[in-house]
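Notes for the one structure printed next.
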Amino acid sequence: MVPRSIVNDVRSLAYDIATLIVSALSQFIPKNDHKILFFSAPDFSDNAKYVYDKMLESGFNETYQLIWCVYSPAPANHVIRRSREYLYHALTAKYIISTHGTPAWKSRNQVSIELWHGLPLKTIGHFADTDYPNAAARLSAAQRLRGFANSVDYLITTSEFERMIFSSAFLIDPGRVLILGQPRCDALYRPGASGIDALCRILDRNDIVRKRNLLYLPTFREYDSGASRKILEEILASEKFRRFVKDENLLFICKPHSHDEGAFQAYNGEHIHILLNDDLQKSGNTIYDFLNAVDILVTDYSSVYFDYLHLNRPIVFHVPDIEDYRAQRGFILEPFRDWAPGEISTDVDELIGALTSTLAGPDRWEPERARLRRLLFRYTDDLASERVCRLIEQH
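Counting in UniProt numbering, the sequence shown runs from 1 upward without gaps.
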């Protein structure tokens, strides 16, 4: 029997060859200047969704054909990836808007706008010191990085500082790294009532305004699929923590990372709620639609905390495995303490203490949040999606 690793390597090689063929053919096929393809992970989410929403609001769909490329049906004009229809649109679309890398089949007569999916705290691209299992895996990763740099026409970021990081991480000409802002952050500037309404709808409850809302966003740990689950289980198994959120009349909402969701089940308690992607997709929302209704963000290394700086609200960093994470994944920005403008905890008792002091005030971390906000964001407004739309119009 052929080992699975060899089968996977053969499949990967076959896909790479097919991709090269499609890309080569695509150069000779005329492109529709008014067709835009959208990609995100999960489907119909993140920065791409907010650009799409702005295009609908602005009437782009009257001039442009807007098509989502998805793995399962989406509440928008879409094609299923790797279908015949998908191949047709891949060969004929002029513009590609993505959040997790430009498709490898993109040709030189197409325009790729890479929105990415957050500002990096952890290592990415050439900064990542990955221990690959073999030379073939190392070569494949290097080829993907080169392919990414060659295929992206514009990479969107938020400041001069972030331009330096992204251009270095992916070896992209800084002139192609445009400071337009993250479209998903536009939602943070909506009226607070809209966030409350979205959260009530997503959680199917109407007591949100009577509680202080905490959102816990653990990041993905690719080196240990069970790490996030173990950390959350320690929190939820603590009688002391459950009593704390009840006594303080808190709503502790946990949203596992998309890659970790298989280890979790939805849960809707009086003071603790586990939120899954299905809940968001059924309501047509992302976490950014209700992030401005969150009073305190609890996270570890998730890039969402950078976005949360727009709201100038408290952040608590729960990092029980920080040394393991530093060794296994690594940080671009060190020392961690200088980039973490909030209380830090490494076990459940410390988490309760960090939340207690944060709730009681005074807010001693506000100056540090302001410092990072100035460094990380040229724009603090709700116009990032509009700036991306303008880029396409002016191209």
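Heads up, the beta-carbon is just placed ideally off N, CA and C, and yes, glycines get one too.
Here the structure is a predicted model, which is why all the values come from computation and not from measurement.
Three-state class that DSSP yields for T286 in the structure shown: Here residue 286 refers to the residue found at position 286 of the sequence shown. T286 falls in the coil class under three-state DSSP.
C-beta contact flag for K246 and E270 at 9 Å: Position 246 of the sequence shown, counting from 1, holds the residue named residue 246. Position 270 of the sequence shown, counting from 1, holds the residue named residue 270. Contact flag set, yes.
S45 - DSSP class collapsed to helix/strand/coil: Counted from its first residue, the sequence shown places residue 45 at position 45. Coil, per DSSP.
Backbone CA spacing between L333 and E85 [nearest angstrom]: Here residue 333 is taken as the residue at index 333 of the sequence shown, counted from 1. Here residue 85 is taken as the residue at index 85 of the sequence shown, counted from 1. Their Cα atoms are separated by approximately 43 Å.
Of the residues E393, Q394, L391, E386, the one placed nearest E57, counting alpha carbons only: As a first step, residue 57 is located in the sequence shown; it is residue number 57 there, counting from the start. The option with the nearest alpha carbon to E57 is E386.
Backbone CA spacing between S258 and P42 [nearest angstrom]: Start at 1 with the first residue of the sequence shown, and residue 258 comes out as number 258. Start at 1 with the first residue of the sequence shown, and residue 42 comes out as number 42. Roughly 7 Å separates the two Cα atoms.
Own chain residues within Cβ distance below 7 Å of G284, not counting five before or after: Residue 284 sits at position 284 when you count from the first residue of the sequence shown. Result list for G284: P75, in chain order.
Continuous alpha helix (DSSP H) stretch holding Q182: start and end: What you label residue 182 is simply residue 182 of the sequence shown in a count that begins at 1. Premise fails: Q182 is in no alpha helix (DSSP H) and is neither H nor E.
Boundaries (first-last residue) of the alpha helix (DSSP H) holding R390: Locating residue 390 in the sequence shown gives position 390, counting from the first residue. Unbroken alpha helix (DSSP H) run through R390: 384-394.
Y267, DSSP secondary structure in three states: Walking along the sequence shown from the start, residue 267 turns up at place 267. Here Y267 sits in strand by DSSP.
The segment 303-317 contacting the segment 351-371, beta-carbon criterion three pairs below 8 Å: yes
Exposed unless 16 or more other CB atoms sit within 10 angstroms - verdict on F28: Indexing the sequence shown from 1 puts residue 28 at position 28. Exposed is the call here.
Where E222 falls, given that 16 or more other Cβ within 10 Å makes a residue buried: In the sequence shown, residue 222 corresponds to position 222, counting from 1. E222 comes out exposed.
E234 versus L188: straight-line alpha-carbon distance, rounded: Locating residue 234 in the sequence shown gives position 234, counting from the first residue. Locating residue 188 in the sequence shown gives position 188, counting from the first residue. Their Cα atoms are separated by approximately 31 Å.
C-alpha distance - S107 paired with S26, whole-angstrom precision: For the purposes of this step, residue 107 is taken as the residue at position 107 of the sequence shown. For the purposes of this step, residue 26 is taken as the residue at position 26 of the sequence shown. When rounded, the distance between both Cα atoms is 6 Å.
F161 and G125 closer than 9 Å at C-beta: As a first step, residue 161 must be located in the sequence shown, where it is residue number 161. As a first step, residue 125 must be located in the sequence shown, where it is residue number 125. Cβ distance not < 9 Å, so F161 and G125 don't count as in contact.
8 Å contact criterion, which residue 403 and K94 should meet: CB distance rounded: Summary: the structure shown does not reach residue 403, with the chain confined to residues 1 through 395, and so no result is reported for it.
Contacting residues, own chain, Cβ-Cβ under 7 Å from P174 (five flanking each side not counted): Within the sequence shown, residue 174 is the residue found at index 174, counting from 1. So the list reads R163, S167, once near-sequence residues are dropped.
For I253 and P320, believed in contact at Cβ under 8 Å, the rounded distance: Counting from one through the sequence shown, the residue named residue 320 turns up at place 320. Counting from one through the sequence shown, the residue named residue 253 turns up at place 253. About 19 Å; that fails the 8 Å criterion.
Cβ-Cβ distance between Y154 and S194 below 9 Å: As a first step, residue 154 must be located in the sequence shown, where it is residue number 154. As a first step, residue 194 must be located in the sequence shown, where it is residue number 194. The answer is no: Cβ separation not under 9 Å.
Beta-carbon spacing of R378, G181 below 9 Å: As a first step, residue 378 must be located in the sequence shown, where it is residue number 378. As a first step, residue 181 must be located in the sequence shown, where it is residue number 181. Taking 9 Å as the Cβ cut-off, R378 and G181 qualify as a contacting pair.
Close-in-space but distant-in-sequence residues of the same chain around S72 (CB under 7 Å, 5 per side omitted): The residue you call residue 72 lines up with position 72 of the sequence shown. Closer than 7 Å at Cβ, skipping near neighbours: D43.
Limits of the unbroken beta strand (DSSP E) element including Y154: As a working mapping, residue 154 is identified with position 154 in the sequence shown. 154-157 is the extent of the beta strand (DSSP E) around Y154.
CA-to-CA distance, L203 to P256, given in whole angstroms: To locate residue 256, count along the sequence shown from 1; it is residue 256. To locate residue 203, count along the sequence shown from 1; it is residue 203. Between P256 and L203, the C-alpha separation is close to 15 Å.
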